[in-house]
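Going down the list, the sequences are from chains A and B. The first sequence maps to residues 1 to 452 in our numbering. The second sequence maps to residues 453 to 905 in our numbering. Think of the CB as a built atom: it goes at the ideal place given N, C-alpha and C, for glycine as much as any other residue.
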Amino acid sequence: MKHEHAKTATQNACKLCNPLGACLAFRGIENCVPFLHGSQGCATYIRRYLISHYKEPIDIASSNFHEESAVFGGSHNLKIGLKNVSEQYKPEVIGVATTCLSETIGDDVPGILREYRKEYKNGTPMPILIHASTPSYQGSHIDGFHAAVHATVKALAVKGTPQKLINLFPNMVSPADLRYLKEILGDFGVPYMMLPDYSQTMDGGPWGEYHRIPPGGTPASTIATAGGAMASIEFGSTIEASKSAAGYLDVMFGVPAYHLPLPIGIKGSDKFFSLLETLTGDRRAEKYEDERRRLVDAYADGHKYVFDKKVIIYGEEDLVIGMTAFLREIGMVPVLCATGGKSGLMKKRIGELVPDMDELGIKVREGVDFVDIEDEAKTVQPDFLIGNSKGYTMSRKNNIPLLRLGFPIHDRFGGQRMHHLGYRGTQELFDRIVNTVIEQRQNASSIGYTYM
Amino acid sequence: MDSIGILEGRQKQIFEKKSGATQADIACDTSSLSGSVSQRACVFCGSRVVLYPVADAIHLVHGPIGCAAYTWDIRGAVSSGPELHRLSFSTDLQEMDVIYGGEKKLYKSLIELIEQYKPKAAFIYSTCIVGLIGDDIEAVCKKVARETGIPVLPVHSEGFKGTKKDGYKAACHALMQLIGTGSTQDISKQSINILGEFNLAGEAWIIRQYYEKMGIEVVATLTGDGRIDAVRRAHGATLNVVQCSGSMTWLAKEMEEKYGIPYIRVSYFGIEDMSKSLYDVAVKFPERPEIMDAAKQIVSEEVKTLYPSLQKFKKALTGKKAAIYVGGAFKTFSLIKALRSIGMSVVLAGSQTGNKDDYARLKEMCDEGTVIVDDSNPVELSKFILEKGADLLIGGVKERPIAFKLGIGFCDHNHERKIPLAGFVGMYNFALEVYQSVMSPVWQFAPRKGGSL
C-alpha cells in the first residue's frame, strides 16, 4: 500500500502510554495512592493529562530516578519513596506501576516489594503493595489499565465461601458510566464488587481541606471477596488473557467469567441486562424498561437524520467495537474503525457483531496515528468523526466535524460526566449524534430554518 | 509548621518570614525527594518547553510514546508562520527496539519526516531509556544532517539525568549549535535578542512591538515564534534581554563568553517590571537618546490608558490575599508587584526551580508572615493556602484543581494560557482574570465559606 506520509515515526499519536492507564485504575481503589517507579516527569505529565480531563487533583507519587538509580537499580529509591508515601499519605494501598525506565534496567519490583515489607515491618504503617508491570514500550494506556486491575485482583482476591456477589470489571469508562453501573447493580439488589471505581475520586464534590487521597473507590476488603463471587462480568473483548481479571478469578477460584463488549446500543445493553437477570434471577427494574422504551422511541424519531451517515470512529479498541455495534443499529456506517492499540483482535470482534462489515465497506485499522486516520479520511470522506479531543487537529484541518467522547476530552467541558453505556448512555450518545447532523444541516442551509 | 507531616527531607525547602526568625537559606536546587508528589517534571520537560516554540523545525521525541503524546500541542506558543511545532513526532519505541536498539528507527524516521515536512532543522530529544539502550544519537544526527543538509541537533534530555533545569541547559546547548552559523550582515548596532519569551498567546509579539517602536531591532526571539534562520544570526545582536531567567540564563552567559554580548534580566509582567524592561534596554544604547525618549513615551501612553482601567479591579480586590506557585522565581517577583498594584497581598510565594539568590530576594520582598516554598506539593500548598486564607492561587495546570477543590479563585500563569498576560495589555488581562475568578459568586457555596460538604 502506498502511503502519503512518513511511516516510521508515529505522528500525532492515537494512544497514550501504559502507566497512564494504571494510574487511573489505581485511582479506583479506596484509599490508594498510584506510584510510578521511574522519572519524575512520568508522574507529572500523567497528572497533568488526567487533570485536564477530570478537573480533579490527582496525586501520583514517583520514585524520582536519578543517574545512580539508573546505574545501580531503583531499589533504594523505590523503598524510600514507599516509606515517604506511607508516612505522608497513610494509604491503605499503594499501586506501584513501572515505567519504561525501571523496566529497561530490569528492576525486580516484586522482589523489592518483598524486601520492603520485611525491612519496614516495624514502626512504619504498612500499606498493601500492588505491582503492575507497565512498560511504556509495550501496548498503550489501555493495557496499563487492565494490567493494574488484574494485578489488584491477583494481589487481593482470596478464595471465599461462595456468595451472591457479582464482580464487574467495567473497563476504562467515564465516572458517569461508573455511577450508572452502580445504580443498575444497586437496583438489582445484588451485592457487587466493581473495579475500578473512580466515579467519586475523579469526579467528586468540594473539599473543606485538602485530601491527600480523595474519598471514594472500591475498598480493598471488598476486592478480597471477589474470589467468592458467583460470577464476573468483564466489559471488553480485546483484553489479553494474561490481563483479564475475570479470567484470573475463573482460573484461580472457579468464578465463572462473562465477557461482554462495552454495552453501547440497545442490543449491547440488552445483553448486559439479560445477563444480570439470569445471574440474579430477578427482573430489571421498571425504570430501565422505561429507559429502553424511550430509547426505541428516540431511534424512531431520529432515524432519518442518521441513516447512511458515514463516520470515522477511533479510540481504545473496546470503545470502538462497542460504538461500531451501536452505530450499525441506527443505520450509520463506521467507514473506518481505528485505534492506536495493537491487540490484533479488533477486526475479528467487529466482525462478530457486524457480520456484513465487508459488504458495508467497514475498514478496521489497528496501530494507527492521527496522520494515518487523516489519510484514510481523504478516501472514505466521512460526514463526521467520533472520538476523543485529540482528533480535533485533523477535524479542523479537513473541516470534518468531531463528536467528542471517551478519553481525553481536553477541549470541552464535562468529559467526566458523559455517559456512554447502557440505555441511558446510548440515549445521550444518540441525542448528541442526531444534533451533530442537525447542526451541520442547519449551518449549511442558506435559509436558516428555525426548526429542523 | 510540620502539623501536616511535612516530609523530613523537605523542611528546609519551606520558610515563613517572621521578624526575629533566623534567616536560614532556603534549600533549593535539589532533586525532588522520592515518594513526594512534586509539581516538577523532568529533564525532558525542561528541554521540550524551551525548544517547543521553534516553529519551522521538527521536534522528534526518541523513546516510547508517552513523552511525545503528553507534549503534543500543549503550549499556547503561537507562530506567525509555519506550525511544525504543533505536531507530535515520536519514534514510538517498542520492545524489540529496546532490545536491539533504536538507531535504525531513528534514522529512518528522520529521513522520512524531513522529506515530508521540509523543516529548517530537526531537534531530537532523547528520553529515559535511550541512554540505557546505548543508541548513539550523535552519530545518527550527524549522518542525517550530512544527507539532508539541515542541522539535526541532539538534545540530551534523558528524564532522570538531573532536574528540569538540566533540561533547559540541554536545550540551550542545542541552540548554541545554531547560533553563529548565520550572517550578521545588516544587523543594526541598536539591536537585541529577546530570550526566555515563548510567545504564549502572542506575548512575544507585544514585547517585540514595544522594542521596535523604540527604534531597536529585534534579531531573534528565543524561542517564541522561533525561526531557525533567526536563531542562526542571534550572535549579531548587541544585547541579550532575558526573561524566564531559569531557562535561558545559561544561554545568555554562553553568548556573552563566546560573542561578547552582555545580557540583562527583565520581566514583562506588571506595570512596574514592564516599564523597567523598556528603560533597562534603552540605557544600554546611550548613543541614541531618542530610544530612551521613545521608551518613556510608550510607558506614559500605555499607563495613561491602563491605569484608570485597573481601578475598578483594585477597588474590588483590595485586601484580598494571593498565593503564588509558578515555575520560575523571577516570575514570582513580578507577580507580587503586579498583585500589589491591584490591592492584593501575597501570603504564599514559591517556585519549582528558584535558586538561592532568588529566594533571598523573595524573602526581602515578601511581607511579614508570607510562606516561601521551593519544589512544593499539593498537600503543602493546600495547607498554607487554607491557613493563610488565600482568595487566589496563581499557578499552572496541576495547581488549578487544588484551588477549585478548596473553593478559591485561580489564575493560570503557565504554558497553556490563551490570553496574553505580558506587557501593558497583559497587565489588564491579568487583573481582569484575577477579578473574574476572585469575585465570582460561586465561592459562596464552597465549604470554606460555610457551604456544605
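What residues are listed by DSSP as bridge partners for residue i?
i	result
A:Gln11	B:Phe541
B:Asp826	B:Ser803
B:Ala573	B:Ala509
A:Arg294	Per DSSP, none; premise fails for A:Arg294.
B:Ser892	Answer is none; B:Ser892 lacks a bridge partner.
B:Ser643	B:Glu669
B:Ala775	B:Leu800, B:Leu845
B:Gly861	B:Leu844
B:Tyr715	B:Asn692
So does residue i have its beta carbon nearer than 8 Å to some heavy atom of the ligand FMN?
i	result
A:Val190	Within the structure as shown, the ligand FMN is missing, as the structure has no ligands at all.
So, does the CB of residue i fall closer than 9 Å to a CB anywhere in chain B?
i	result
A:His5	yes
A:Glu56	yes
A:Met1	Note on A:Met1: pLDDT 41, under 50, position unreliable in the model; the coordinate value appears next. No - not a single Cβ of chain B is within 9 Å of the one on A:Met1.
A:Gly105	In the sequence under discussion, the amino acid at residue 105 of chain A is Ile, which differs from the Gly named in the question. It does; some Cβ of chain B falls within 9 Å.
A:Tyr137	yes
A:Cys42	yes
A:Ile112	no
A:Gly351	no
A:Ala13	yes
A:Asn31	no
A:Thr10	yes
A:Asn167	no
A:Pro19	yes
A:Leu16	yes
A:Phe272	no
A:Tyr48	It should be pointed out that residue 48 of chain A corresponds to Arg in this sequence rather than to Tyr. So yes, A:Arg48 belongs to the interface.
Using 9 Å as the limit for Cβ to Cβ distance, is residue i near chain A?
i	result
B:Ser561	yes
B:Gly528	no
B:Ile602	no
B:Gln896	no
B:Ser540	yes
B:Cys818	no
B:Asp544	yes
B:Gln568	yes
B:Ile576	no
B:Tyr620	no
B:Ile846	no
B:Tyr522	yes
B:Pro516	yes
Count the other C-beta atoms from every protein chain shown that fall within 10 angstroms of the C-beta of residue i, then say buried if there are 16 or more, exposed otherwise.
i	result
B:Ser486	buried
A:Gly227	buried
A:Thr98	buried
A:Gly21	buried
A:Arg441	exposed
B:Pro872	buried
A:His303	exposed
A:Tyr451	exposed
B:Met453	In this predicted model, B:Met453 has a pLDDT of only 39, less than 50, meaning its place in the structure is not dependable; the value taken from the coordinates is given anyway. Exposed: under 16 other Cβ atoms inside 10 Å.
B:Asp810	buried
A:Gly461	Chain A is shown only over 1 to 452; residue 461 of chain A falls outside these bounds and no answer can be derived.
B:Lys616	buried
Quick one: which chain C residues come within Cβ less than 7 Å of residue i?
i	result
B:Ile581	Among the protein chains of the structure shown, namely A and B, there is no chain C.
message: Threshold first: 3 residues or longer. Then list the beta strand (DSSP E) segments lying entirely within the region 316-368 of chain A, N to C.
response: Fully enclosed beta strand (DSSP E) runs of 3 or longer: 333-338, 363-365.
query: Can you list the beta strand (DSSP E) stretches of 3 or more residues lying completely in the region 203-276 of chain A, in chain order?
result: Complete beta strand (DSSP E) runs here, min 3: 231-235, 257-260.
- prompt: Between the region 374-407 of chain A and chain B, which residues of the former have CB atoms less than 8 Å from a CB of the latter, in chain order?
  reply: Under the 8 Å Cβ criterion, the region 374-407 of chain A contributes Lys390, Thr393.
task: Return the residues of the region 56-72 of chain A that lie within a Cβ-Cβ distance of less than 9 Å from chain B, sorted by chain order.
output: Cβ contacts with chain B come from Glu56, Pro57, Ile58, Asp59, Ile60, Ala61, Ser62, Ser63, Asn64, Phe65, His66, Glu67, Ser69, Ala70.
- prompt: Of the residues that make up the region 206-234 of chain A, which ones have a beta carbon closer than 9 Å to any beta carbon in chain B?
  reply: Cβ contacts with chain B come from Pro206, Trp207, Gly208, Glu209, Tyr210, His211, Arg212, Pro214.
- prompt: If you measure beta-carbon to beta-carbon, which residues of the region 486-512 of chain B are closer than 8 Å to chain A?
  reply: The region 486-512 of chain B vs chain A, Cβ under 8 Å: Ser486, Gly487, Ser488, Val489, Ser490, Gln491, Arg492, Ala493, Cys494, Val495, Phe496, Cys497, Leu512.
- request: Can you give me, in chain order, the residues of the region 74-87 of chain A that have a beta carbon less than 8 Å from any beta carbon in chain B?
  value: Listed by position, the residues of the region 74-87 of chain A near chain B (Cβ gap below 8 Å) are Asn77, Leu78, Ile80, Gly81, Leu82, Lys83, Asn84, Val85, Glu87.
Proximal residues, the region 352-371 of chain A versus chain B, C-beta separation under 8 Å: Cβ proximity to chain B below 8 Å picks out nothing from the region 352-371 of chain A.
query: Residues in the region 118-152 of chain A with C-beta within 8 Å of chain B's C-beta atoms, listed in sequence order?
result: Within the region 118-152 of chain A, the residues whose Cβ lies closer than 8 Å to some Cβ of chain B are Pro135, Ser136, Tyr137, Gln138, Ser140, listed in chain order.
message: Quick check on the DSSP output: what are the complete beta strand (DSSP E) runs of length 3 or more inside the region 72-121 of chain A, in order along the chain?
response: Segments of the beta strand (DSSP E) lying fully in the region 72-121 of chain A: 93-98.
query: Any residues in the region 162-190 of chain A with a beta carbon nearer than 9 Å to a beta carbon of chain B? Which ones, in chain order?
result: When CB distances to chain B are screened at a threshold of 9 Å, not a single residue of the region 162-190 of chain A falls below it.
task: Give, in chain order, every unbroken run of the alpha helix (DSSP H) that is at least 4 residues long and sits entirely within the region 581-654 of chain B.
output: Taken in chain order, the complete alpha helix (DSSP H) segments of 4 residues or longer contained in the region 581-654 of chain B are 589-600, 616-630.
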